[in-house]
Each structure stands twice: as structure tokens, then as C-alpha cells.
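Protein chains in written order, with the working numbering: chain G, 1 to 286; chain V, 287 to 561. Built from N, CA and C at the ideal position, the CB exists for glycine as well.
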Ligand SMILES: Nc1ncnc2c1ncn2[C@@H]1O[C@H](COP(=O)(O)OP(=O)(O)O)[C@@H](O)[C@H]1O
Ligand SMILES: [Mg+2]
């Protein structure tokens, strides 16, 4: 599609808006982990459906990009399918379910199991960007805490968890320290995925549409999950292999398989699971 | 941990004393509320290891003075010099916000009259005590918890309450917890505003004994604001008597209370029941 025959601007957003978002992205990349304000636009979908991620994707896409969209690790959920279809229509870009083929991956809840490369951009849809929100509801105060790197209160929250439960119980949105400076909410990914943020070769962009914030991890940024020396961070997952491909090291979802309430644990990353099975992997006989 | 905190504090007191310089030098400190005077032209030095009592009836400007010293309130005039750990005199009112916040959670402590204002009511006793340590970079859970348990014992709270929130504590326990939370970092200057103010008389006595023990043991440098001369008598080495925002008399505690010079102090002393 060329500008001449387009009925709408490439990738839906007008050029001025994309420039504004790219400026915010540049600032976010320059200050890793810092929540940069941006003038979030109305999108043809409700807030909570990833409008922040969609705007980032729109501002990053070029006609040669190959887009992958996942929701809970799966390419075939309603949300993933409709966002992919949206960009296929408004940008005419190729889409894929393969992590390896993708140049831009928009996600909610997961980072693919397949290692990312320097040629890829991850775009995260973020519902609540402020990791201190539940400790301190006043935005004026949380901003000051970030500005002064005053993060004792966040550590108190972890202390309370260990005191009550013997371990930090946060399963999702487990807070991280970025490049030794800003504390950041990594979006609702499972803590299992936190290590994938650390020194990732891919650029990671986070967009919160309703809250009008963009933040970023430039490639190779140091990302540490907050913990205690004697209670070190652990990337937990169900302690069993995938029931379909037998993978021992991938994040699993529990799915209900029949009306009798039968359950099994399978890879949450559907592309990863399918690739393994195509290469001959299978679950060992029970 | 107990020993090391106390030892650290004492070593610091010695080092400060050796520097032969006051910890705090206050001059001409004035704060107005519109036309009304909060406090006016206050000046004094506080030496390492010294406890200064500030007494006077309600409305005499004690809290205003303390808030100005702590940087909670901006004075209209005057100067407060603070001797930092490196022996340098720093203008408290000109210290940038980030550094002042750092000081407020390390070298300074502020004990409020109402423990609810000085505690996190939704956080466990252990978390309340550990917060300053964690804010200062402590990342070893076992040691943080050990220090918390230790401080609970020092303020006479049962170790079994370490995971309870202060909501379930009596007023006296809450105040003792607030003190532990403040002293755990081994502060060089402790400011207290009516620390026994809201408590029953019997509970007050116990808290006073505890405070007196801690002051001695840790060699604390402190400013204690109180309208209760008995509290001043027990805790303070030196007294400053305030009336209508101004200092009317200063001197050694026993001197001021046993032989008051100013008519107002004489009135205060004679109207107190027994000292
Ligand atoms: N926020 C305020 N606004 C106006 N006046 C105040 C305020 N705080 C204190 N004052 C006045 O300043 C004077 C000193 O008050 P304060 O410092 O609270 O005295 P104290 O602690 O000795 O009771 C009083 O006249 C009081 O009414
Ligand atoms: Mg007062």
C-alpha cells in the first residue's frame, strides 16, 4: 500500500500522533524504566484491550514489519486475532504466529519462550504502570519516590510477604529494578518471565493507554527482580512437564479438557509448543 | 544487632564530641502563621549526647519550632546548622529535598505525639521497624527480622507480636513501637513532640523509664517537646521555657525547675502538682 491509494494513514494513527508517540518512546529509551507521559489517543477498542500497546505498535510499524500478537501466550485468542487483523487491515503488514519470523511482537501476559533477537521489538500492553500504586495511592507522592529512588516501602511490601507466607507470593507483575535505578512494573507477565527481561537483546516497550504512560527497556538493560539476599527471587512455574510436548522448562497453563473437570497442564506459548511437536517432541507416556 | 547499634551510636557521640562542635546550631528562628506568631527569634545549640527539653503551655510554639527544625515547616527567618557525619556544618534549610529525605530516614528521627501519625498502621510491627533499614539498603531478610525482634524486646513488646499490625496494639505499645521504628537506624538526632502526651498516667511512667534507659544507653542527642514538667525533669539535661512563641528562660533542668527565674516559669512550676 502506498500513501496515494490509502483510505487512511498507514497504521491507523495520523502522522503527528505517531511522531508524538515516537518522541515519548525516545525519551523512555533514554531513561530506562521511567514512566514517560504521552497523550494517549482514543482507539477503536475499549481501554483494557491493549490500547497502549496498540498505539506503540502503530508508531513502530513499518511496511516491511512482520507482526505477531499474543494474549496469554496464545496467538489464537479473540484479542490477539482481532489486533492482528486490525493491523493487517490498517497497515497492510504481514502477520505471523511464529516468534522467529516476527519483527514486532505485541503481548499481554507473556514473553515468548523462543529467545528474542536484536532485530525484534516487544510491545507490552500495560493496565497499571505504577508499581507503587498499591502502597501509596497519591500520584504526587509516587512520582517523588521515583525521583528520589526512595524504594524502602516497596521492600517493606516484600518483607510482609515473606513474614506472612515464608516467601514472596507475587505471581504476576513482580516488581523489578531497571539498570540499578527505577523500580518498574513489568506488566502482568508471570514472574517466570522476569528473567527474560534481563539483558534482553530485543527492545522492550511498555504502553499504558488509559494511564497515558510509556516506558522502555533498551536492549541489554540490566533488570533485577526485587528480593532478599536470603530469599532470592525464583522464577516459579508448575513443577511438571507440558502434557502435549513434554517441555520441562516452559510456562504452563492449566486447562480443563472435558466436562468431567479433567485438567492438564500445557505450554502457555502455543507457537513454542507447536514447534516442538512438529520437531518430534512429545509428552512422555504417563 | 542490639549491641552494634548502641555501640555505633556511642562511637558516633564520641566522635561528635571530639569534634568539639554542636550537633545543631539554631539562630533567629521565626515562623508566623499570617499575623499570628508561631515561634520567634529562637536560638540555641544542641551538643552531642545532650537532651534538650522544650516546655511551655499549649500554644507556646513548641511544635512549630520542632517542625521547623525537622524541615517539615519552612521558617520565615533564621538559620539551622547541622553537623553532618563528616563534621561539616550544613544549612538545614538549604539542604536539597532528596538529601533531606535521606537524612530523615537515617540520621534524624521524629517521634510524633500520635503514634498513628508515625506508624504504618497496615504494616506489621516487624515491617514498621524494618522500614528504615530497608530504605537504607538492607536486603537480608533474616538480619532485618533479627533487628526488628531485638528492638521489640528493647521496647518491651512481646516477640510474638512481630507479625501483628499496630492496629491491634494498645496506645502505649503503639508509642513504643514508634520509638523502636525511629531508633533502629541509630539516628544522631531524635526529635520528639509530646511523646507521652496521649497516654494514661501509668502507661506514661513506663514509657518514660524506657526512654530514659534508651537515652542513656545509646547516648542519644534529642530535643523533647513537652508541656509536662515531670517528663522534662526525667529526660532533659537542659530546658528551654517558651511562652507566646518566645524563649523566656533556659538553663540546666534542675536549676530551672528548682529555682525558676522568670515569673512565667515560676507560675508553671508552682502550678505543676509535684515534680
Ligand atoms: N497551622 C497553623 N495555622 C495557624 N496557626 C497555627 C498553626 N499551627 C500553630 N498555630 C499557632 O501557632 C502558635 C504555636 O502553636 P504550636 O507550635 O502548635 O504550639 P505548642 O506545640 O506549644 O502547643 C499557636 O498560637 C497556634 O495557634
Ligand atoms: Mg504541640
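In terms of Cβ geometry, residue 539 of chain V and residue 524 of chain V form a close pair [threshold 8 angstroms].
Under the Cβ distance rule, residue 119 of chain G does not count among the residues neighbouring chain V, no pair being separated by less than 8 angstroms.
Within 7 angstroms of the C-beta of residue 557 of chain V there is not a single heavy atom belonging to ligand 1.
Taking all protein chains in view, the Cβ of residue 109 of chain G is crowded by 16 or more other Cβ atoms within 10 Å, so the residue is classified as buried.
Of all alpha-carbon atoms in V/434, V/476, V/408, the one lying nearest the alpha-carbon of residue 353 of chain V is that of V/476. Taking all protein chains in view, the Cβ of residue 407 of chain V is surrounded by fewer than 16 other Cβ atoms within 10 Å, so the residue is classified as exposed. Sixteen is the threshold: since fewer than 16 other Cβ atoms of the shown chains lie within 10 Å of the Cβ of residue 552 of chain V, the residue is exposed. Non-local beta-carbon contacts of residue 492 of chain V in its own chain, meaning distances under 6 angstroms to residues more than five positions away in sequence, are absent. Using a CB distance below 8 angstroms, no part of the stretch 326-358 of chain V faces chain G.
Partner residues in a beta bridge of residue 29 of chain G, as assigned by DSSP, do not exist. At a cut-off of 8 angstroms between beta-carbon atoms, residue 191 of chain G makes no contact with chain V. Apart from the 5 residues on each side of it in sequence, residue 425 of chain V has no Cβ closer than 6 angstroms to any other Cβ in its chain. Burial check for residue 192 of chain G: the Cβ neighbour count within 10 Å reaches 16 or more, so the residue is buried. Annotation for residue 480 of chain V indicates a beta carbon within 7 angstroms of some heavy atom of ligand 2. Within 10 angstroms of the beta-carbon of residue 344 of chain V lie fewer than 16 other beta-carbons, which makes it exposed. In this structure the stretch 244-256 of chain G does not lie against the stretch 157-177 of chain G, because fewer than three pairs of beta carbons, one per stretch, are closer than 8 angstroms.
With respect to residue 470 of chain V, residue 411 of chain V sits apart: the two C-beta atoms are not nearer than 8 angstroms. Think of a sphere of 8 angstroms around the beta carbon of residue 503 of chain V: no beta carbon from chain G falls inside it, the nearest being about 26 angstroms out. Here residue 419 of chain V is buried: its Cβ has 16 or more other Cβ atoms, across all protein chains shown, within 10 Å. At a beta-carbon threshold of 9 angstroms, none of the residues of chain V lie near residue 132 of chain G; the nearest stands roughly 13 angstroms away.
The residue from G/41, G/205, G/36, G/57 with its alpha-carbon nearest to that of residue 146 of chain G is G/36.
Proximity of residue 420 of chain V to chain G, defined by a Cβ-Cβ separation below 8 angstroms, is satisfied. Around the CB of residue 185 of chain G, 16 or more other CB atoms lie within 10 Å, so the residue is classed as buried. By the CB criterion at 8 angstroms, residue 64 of chain G and residue 270 of chain G fall outside the cutoff. The closest heavy atom of ligand 2 lies 7 angstroms or more from the beta carbon of residue 200 of chain G. The three-state secondary structure of residue 165 of chain G, taken from DSSP, is helix. At least one CB atom of chain V sits nearer than 8 angstroms to the CB of residue 231 of chain G.
The Cβ atoms of residue 329 of chain V and residue 313 of chain V lie closer than 8 angstroms to each other.
Residue 437 of chain V carries a helical assignment under DSSP once its states are collapsed to helix, strand and coil. Residue range 66-71 is occupied by the beta strand (DSSP E) that includes residue 69 of chain G. At least 8 angstroms separates the beta-carbon of residue 111 of chain G from that of residue 123 of chain G. In this structure, residue 349 of chain V has its CB closer than 7 angstroms to one or more heavy atoms of ligand 2. Taken from the Cβ of residue 322 of chain V, at least one heavy atom of ligand 1 lies inside 7 angstroms.
Chain order gives the chain V residues near residue 164 of chain G as 410, 449, where near means a beta carbon separation below 9 angstroms. Taken from the Cβ of residue 483 of chain V, every heavy atom of ligand 1 lies 7 angstroms or farther away. Around the Cβ of residue 556 of chain V, a 10 Å sphere holds fewer than 16 other Cβ atoms; the residue is exposed.
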